[in-house]
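Colleague: Shown below is the structure under consideration.
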Amino acid sequence: MHINHIGIPSDHPRAKSIYIREMLVNGFRRGLVVPEGLIAHGRGEAYDYLIGERTTKTAQRAIEAAAAMMLLSNRPVISVNGNTAALCPNTVVELAKVTGAAIEVNIFYRTEEREKAIKAELELHGAKKVLGVGSQASARIPQLQSERRRVDPDGIYAADTVLVPLEDGDRTEALTKMNKTVITIDLNPLSRTSRAANITIVDNVVRAMPILVESTRKLRSTLSLKKITDNFDNSKNLHESLKIIKGEVQ
Ligand code: ATP
Ligand code: MG
């Protein structure tokens with residue numbers, strides 16, 4: 002039996018789930034994640050349980066649409082919060098490289114110290130440039146009150162498409178009002194984020210991100226990207242995820 006470095010036996014039925022928790026706790030200890038982020042993960046976990054802790058065919062369709070949309074965009078940006086930085090810094094950087102997207106730190110509980118810690122984590126995984134830190138985040142999203150309204154004028158503010166994994170509903174709505182195409186990764190198909198986004202990937206960010214990177218690599222030379230995005234219907238896709246949760250379809 003293989004026991005990994007944090008002492009979880011690989012044949013433990015909840016090994017993957019426990020391992021993801023440990024990544025977050027580790028991120029918390031290193032100043033990337035806030036306690037509230039750990040609780041938000043708990044809400045995600047509950048939905049993950051209900052979809053069977055796998056990437057469903059429905060999620061795969063959303064991933065393909067997201068990949069096509071990122072490739073079609075002129076100024077795509079990946080918005081990174083603490084949980085995302087703790088869970089998948091490597092695939093954030095890979096996705097930025099494949100799609101030419103910018104990376105911007107955007108956190109709900111904003112301190113410059115945490116912004117810098119997230120930036121450093123991304124750089125450690127190969128990011129060349131990380132936007133949105135400190136006074137760089139000098140533009141504002143209209144109508145938002147929280148500190149998350151602060152964005153980088155060269156990043157989210159000027160973007161045509163924003164990938165916002167684990168986003169808050171208010172900000173998703175505000176970004177769509179600014180006419181940005183919003184792609185999210187959210188395990189809860191009922192959240193305001195999921196419903197307000199243009200493309201919602203109902204999957205764990207840990208599983209979805211590597212598949213999204215792979216999908217953009219595959220689609221890079223495709224001419225019919227627009228056909229893929231046009232054929233995608235987000236509310237229909239969310240409805241399918243709910244059916245999976247209710248056990249009506251696989
Ligand atoms: P909303 O603000 O969109 O209505 P919310 O207030 O219920 O949603 P937030 O705390 O704002 O939730 O955002 C956290 C969201 O991220 C939750 O919907 C949760 O399901 C989701 N989530 C948490 N961890 C993960 C993960 N690892 N992968 C994917 N989604 C996750
Ligand atoms: Mg919220």
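Under the working numbering, the first residue of the sequence shown carries the number 2, and numbering increases by one thereafter.
Every residue gets a Cβ at the ideal spot worked out from N, C-alpha and C, and that includes glycine.
Looking at the ligand MG, does it come within less than 7 Å of G28, judged from the CB to the closest heavy atom?
Modeller: Numbered from its first residue, the sequence shown carries residue 28 at position 27. No, the ligand MG has no heavy atom inside 7 Å of this Cβ.
Colleague: Applying the 10 Å Cβ sphere with the 16-neighbour rule, what's the burial state of I229?
Modeller: The residue given as residue 229 occupies position 228 in the sequence shown. Buried: at least 16 other Cβ atoms inside 10 Å.
Colleague: Excluding the 5 residues preceding and the 5 following L72 in the sequence, name in chain order all residues of the same chain whose CB lies nearer than 7 Å to its CB.
Modeller: In the sequence shown, residue 72 corresponds to position 71, counting from 1. Around L72: T100, T217, L220, R221, L226.
Colleague: For G133, is the classification buried or exposed, using 16 other Cβ atoms within 10 angstroms of its Cβ as the cut-off for buried?
Modeller: Taking the sequence shown and counting its residues from 1, the one referred to as residue 133 is at position 132. G133 should be labelled buried.
Colleague: Please name the residue or residues paired with L243 in a DSSP beta bridge.
Modeller: As a working mapping, residue 243 is identified with position 242 in the sequence shown. L243 pairs with nothing; no bridge assigned.
Colleague: Near L176, what residues of its chain come up, given a Cβ to Cβ distance below 8 Å and the 5 sequence neighbours on each side ignored?
Modeller: Here the question's residue 176 lines up with position 175 in the sequence shown. Closer than 8 Å at the Cβ level, and outside the excluded window around L176, lie I142, I157, V163, V165, V183.
Colleague: Starting from L176 and walking both ways along the alpha helix (DSSP H), at which residues does that stretch end?
Modeller: Within the sequence shown, residue 176 is the residue found at index 175, counting from 1. Note, L176: alpha helix (DSSP H), 170–178.
Colleague: Taking three-plus beta-carbon pairs below 8 Å as touching, is the stretch 230–242 in contact with the stretch 74–92?
Modeller: These segments do not touch.
Colleague: Can you give me the start and stop residues for the beta strand (DSSP E) that E215 sits inside?
Modeller: Counting from 1 along the sequence shown, the entry for residue 215 is found at position 214. Per DSSP, E215 belongs to no beta strand (DSSP E); it is in the alpha helix (DSSP H), 206–220.
Colleague: Give me the DSSP bridge partner(s) of I19.
Modeller: Here residue 19 corresponds to residue number 18 of the sequence shown, with the count starting at 1. DSSP, once it has assigned bridges, lists no residue as partnering I19.
Colleague: How long is the line joining the alpha carbons of V152 and Q251, rounded to whole angstroms?
Modeller: The residue you call residue 152 lines up with position 151 of the sequence shown. The residue you call residue 251 lines up with position 250 of the sequence shown. So the two alpha carbons sit approximately 40 Å from each other.
Colleague: Taking three-plus beta-carbon pairs below 8 Å as touching, is the stretch 101–118 in contact with the stretch 30–40?
Modeller: At 8 Å Cβ cutoff, the stretches touch.
Colleague: Can you tell me which of G127, T201, A118 puts its alpha carbon nearest to the alpha carbon of T59?
Modeller: Position 58 of the sequence shown, counted from the first residue, corresponds to residue 59. The option with the nearest alpha carbon to T59 is T201.
Colleague: State buried or exposed for I245, treating a residue as buried only when at least 16 other CB atoms are found within 10 Å of its CB.
Modeller: Within the sequence shown, residue 245 is the residue found at index 244, counting from 1. Buried: at least 16 other Cβ atoms inside 10 Å.
Colleague: Taking DSSP as the reference, what is the three-state secondary structure of A86?
Modeller: The residue given as residue 86 occupies position 85 in the sequence shown. It is helical.
Colleague: Under 7 Å Cβ to Cβ from R76, same chain only, skipping five residues before and after it: list those, please.
Modeller: Mapped onto the sequence shown, residue 76 falls at position 75. Once the five neighbours on either side are set aside, the close Cβ partners of R76 are A159, A160, D161.
Colleague: Report all residues from its chain with a CB closer than 6 Å to the CB of P190; omit the five preceding and five following residues, and keep chain order.
Modeller: Here residue 190 refers to the residue found at position 189 of the sequence shown. V203, L239, S242, L243.
Colleague: Report the partner residues of L132 according to the DSSP bridge assignment.
Modeller: As a position in the sequence shown, residue 132 is number 131, starting the count at 1. Answer is E105, bridged to L132.
Colleague: The beta strand (DSSP E) that contains T185, what's its start and end?
Modeller: Translated into positions along the sequence shown, residue 185 becomes position 184. Element bounds for T185: 182–186.
Colleague: For S147, is the classification buried or exposed, using 16 other Cβ atoms within 10 angstroms of its Cβ as the cut-off for buried?
Modeller: For this step, residue 147 is matched to residue 146 along the sequence shown. Result: exposed.
Colleague: Output the distance between the C-alpha atoms of E116 and G135, rounded to the nearest integer angstrom.
Modeller: As a first step, residue 116 is located in the sequence shown; it is residue number 115 there, counting from the start. As a first step, residue 135 is located in the sequence shown; it is residue number 134 there, counting from the start. Those two C-alpha atoms are separated by around 7 Å.
Colleague: Around the ligand MG, what residues have a beta-carbon under 6 Å from a heavy atom of it, in chain order?
Modeller: After applying the 6 Å Cβ criterion, the set is D169, G170.
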